[in-house]
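Participant: Oh and the sequence shown: position 252 is 252 in UniProt numbering, straight run, nothing missing.
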Amino acid sequence: MLYFGKFGALAVGFFLMPAYSYYLGPASFSTVAFILSLVNAAVTLDFGMSTIIGRDSSDSTISNDKKYKQFLASQFLVIFFYLSVFSIVAIYSFLFQKGDLGVKISFLSVILIMSSLIQNISVSYLNGIKEFKISGSLIFLSVTLRGVISLLVIKYIDNNIISFMSAQSIIGLLFSLIFMLLPSRLDKEIKINNSWGGFFEPSIYIKFLLPLVKKGFPLLFMGVSATLVMQFDKIILSYYASDATLSAYYLAFTFSTIPILAIAGPIKQYFQPHIVSYLTQNNVLYRKNSIVFFWCLIVFVAVPSALGYSSLYQILSIWLGNNELIDKVDFFSHILLPAFVLGAISYFPSVLLVVAEDYRFQSVFAIITSIIFVFLLFILAISSNVRFIPWLFIGYFCVVILFCSIRCFSLTKVNLCIFDMVKNSPFAILIIALSYWVGNIVSAMIF
């Protein structure tokens, strides 16, 4: 069901985005695309709440009542922060821009960001308590309905930015309310004093909010760092690359992130709560789950990517059709695809660090690596060496795998898991190499 939810997001991206572009027109769609990219970037800035709530909700040593109250406090933090941001933006727009269009777009954007964050935190909680079917189904419905209704609005009612953002925000807000109230209905052991799931109990926020903020503060920097790595390259290229190069890079990036977003993401969401749960129960099954997690990343992400690597141009031709940019897309994809396969594999040591609650190391490491990444990105862009930018991702994810794995060796909670990964790595590399060889032979026979 986790894959079912991800399929909805991919379907919207691949099939509805061209329709949005057609009905909105180039000017309005470029604005919408920019706003949605900002929304995607802002979703990572949740003070680490989705990581903490996801980890703690699967911890067997924490009571169900405390898990739920932490969940409530995290939702309050996100809502309070982004409403404060909107207030500042609204005041600035009123004083200096003298128009209500900017205020409307800002308000709708904040609603969309808040609803997305509420959904992410709620999904982390639901996955932590192993309600995978419910979370996957709701994600699919949320993303699909939001996409389809937005298309119907701009096609039949009014094809402007406000109409599009209103549809996105209203559907997002409705589903965020469902996500907020659902957890209290799933666990009858939770002690709440009202039918709204305890959302109007100030004592909860007073008791749990400050500890959550202190715990999540290092993870805020991780979110900023992740945004820099995954989004800043497109911003830089918009200034230093030609329109054709930028478009080709966008397409290659979209295609190449499929392994990490559509496949590795749900695998991570499934195994992390199981590993935490077994580890906190002192159950040896946590090691079995961790190595199965590693092999799932290899078998379902690395192996298919290796099999299809030699046929990449033909696969892109099926997707893009007779597109004049296909040669450039193919060039970038041949580097970005293996980069994001490495990114998927980096989930293994990263999850172990979350399991061990080593948030401080993750924060410091993320800040240092993202600063170096952005610095090198600037150098390559300014010197007109855009073709080398995809190689930064390969270097970045290799560094993440190496240093996060080394850190795991020093953590008694998870060092056995990283030893298991190292022992299995030579065989995994052999299987990936054989898959590439087989894919090369099949590609030569077919094409």
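Note that beta-carbon positions come from the ideal geometry of N, C-alpha and C, so glycine has one too.
1) Grouping DSSP H, G and I as helix and E and B as strand, with all else coil, what is Val-301?
2) Can you tell me which of Lys-207, Asn-64, Ile-275 puts its alpha carbon nearest to the alpha carbon of Ser-350?
3) Please report the residue range of the alpha helix (DSSP H) in which Asp-330 lies.
4) Under the rule that 16 or more other beta-carbon atoms within 10 Å means buried, what is Leu-402, buried or exposed?
5) How would you label Lys-328, buried or exposed, when you count the other beta carbons within 10 angstroms and need 16 or more for buried?
6) Ser-242 by DSSP, collapsed to three states: which one?
7) Determine the DSSP secondary structure at Ile-157, reduced to helix, strand or coil.
8) For the alpha helix (DSSP H) that contains Ser-50, what are its first and last residues?
9) Is DSSP giving Thr-369 helix, strand or coil here?
10) Less than 6 angstroms between C-beta atoms, sequence neighbours within five positions excluded: which residues of the same chain meet that for Ile-121?
11) Using CA coordinates, which residue listed in Ile-431, Phe-348, Ser-425, Phe-361 is at the minimum distance from Phe-397?
12) Looking only at its own chain, which residues have a Cβ that is under 8 angstroms from the Cβ of Leu-237, when we skip the five neighbours before and after it?
13) In three-state terms, what does DSSP make of Leu-126?
14) Which residues in the same chain have their Cβ closer than 7 angstroms to the Cβ of Leu-307, if we skip the five residues on either side of it in sequence?
15) Am I right that Leu-279 and Val-355 are in contact with their C-beta atoms under 8 angstroms? What's the rounded C-beta distance?
16) Do Asp-243 and the ligand FAD come close, with the Cβ less than 8 angstroms from some heavy atom?
17) What do you reckon, are the CB atoms on Ser-242 and Gly-172 nearer than 9 angstroms?
18) Taking the beta carbon of Gln-281 as the centre, do at least 16 other beta carbons fall within 10 Å, making it buried, or is it exposed?
19) Can you tell me whether Gln-314 is buried or exposed? The criterion is at least 16 other CB atoms within 10 Å of its CB, across all chains shown.
20) DSSP on Asn-120, reduced to helix/strand/coil?
21) For Gln-281, which of helix, strand or coil comes out of DSSP?
22) What three-state label does DSSP hand Ala-264 in the structure shown?
23) Near Ser-58, which residues of its chain fall below 6 angstroms by C-beta distance, leaving aside the five closest residues on each side in sequence?
24) Whole angstroms is fine: what's the gap from Thr-44's alpha carbon to Cys-404's?
Facilitator: For this structure:
1) For this step, residue 301 is matched to residue 301 along the sequence shown. Helix at Val-301.
2) Taking the first residue of the sequence shown as 1, we reach residue 350 at position 350. It is Ile-275.
3) Your numbering for residue 330 matches position 330 in the sequence shown. Unbroken alpha helix (DSSP H) run through Asp-330: 326 to 345.
4) Counted from its first residue, the sequence shown places residue 402 at position 402. By the neighbour-count rule (16 or more Cβ atoms within 10 Å), Leu-402 is not buried but exposed.
5) On the sequence shown, position 328 is the one that residue 328 refers to. Counting Cβ neighbours within 10 Å, Lys-328 comes out buried, since at least 16 surround it.
6) For the purposes of this step, residue 242 is identified with residue 242 of the sequence shown, where counting begins at 1. Reduced to three states, the DSSP call for Ser-242 is coil.
7) Stepping through the sequence shown from its first residue, residue 157 is reached at position 157. Three-state DSSP puts Ile-157 in coil, outside helix and strand.
8) In the sequence shown, the residue the question calls residue 50 occupies position 50. Its alpha helix (DSSP H) spans residues 49 to 56.
9) Counting from 1 along the sequence shown, the entry for residue 369 is found at position 369. Thr-369: helix per DSSP, three-state reduction.
10) In the sequence shown, counting from the first residue as 1, residue 121 sits at position 121. Met-49, Ser-50, Ile-53, Ser-74, listed in sequence order.
11) Along the sequence shown, one-based indexing puts residue 397 at 397. If we check each option's Cα against that of Phe-397, Phe-348 comes out closest.
12) The sequence position of residue 237 within the sequence shown is 237, counting from 1. Counting only Cβ-Cβ distances below 8 angstroms, and skipping sequence neighbours, we find Thr-245, Leu-246, Tyr-249, Ala-381, Val-386, Ile-389.
13) Here residue 126 refers to the residue found at position 126 when the sequence shown is read from its first residue. Helix at Leu-126.
14) Position 307 of the sequence shown, counting from 1, holds the residue named residue 307. Counting only Cβ-Cβ distances below 7 angstroms, and skipping sequence neighbours, we find Ser-435, Val-438, Gly-439.
15) Start at 1 with the first residue of the sequence shown, and residue 279 comes out as number 279. Start at 1 with the first residue of the sequence shown, and residue 355 comes out as number 355. Rounded, the Cβ-Cβ distance is 6 angstroms, consistent with contact.
16) Within the structure as shown, the ligand FAD is missing, as the structure has no ligands at all.
17) For the purposes of this step, residue 242 is taken as residue 242 along the sequence shown, with counting starting at 1. For the purposes of this step, residue 172 is taken as residue 172 along the sequence shown, with counting starting at 1. No. Outside cutoff.
18) Here residue 281 refers to the residue found at position 281 of the sequence shown. Gln-281 is exposed by the Cβ-count criterion.
19) As a working note, residue 314 is residue 314 in the sequence shown. Exposed, by the Cβ-count rule.
20) Position 120 of the sequence shown, counted from the first residue, corresponds to residue 120. Three-state result, Asn-120: helix.
21) Numbered from its first residue, the sequence shown carries residue 281 at position 281. Residue state, collapsed to three classes: coil.
22) Sequence index remark: in the sequence shown, residue 264 carries index 264 (1-based). Three-state result, Ala-264: helix.
23) Your numbering for residue 58 matches position 58 in the sequence shown. If we look at Ser-58 and ignore the five residues flanking it on each side, its Cβ neighbours are Gly-128, Pro-273, Val-276, Ser-277.
24) Your numbering for residue 44 matches position 44 in the sequence shown. Your numbering for residue 404 matches position 404 in the sequence shown. Their Cα atoms are separated by approximately 20 angstroms.
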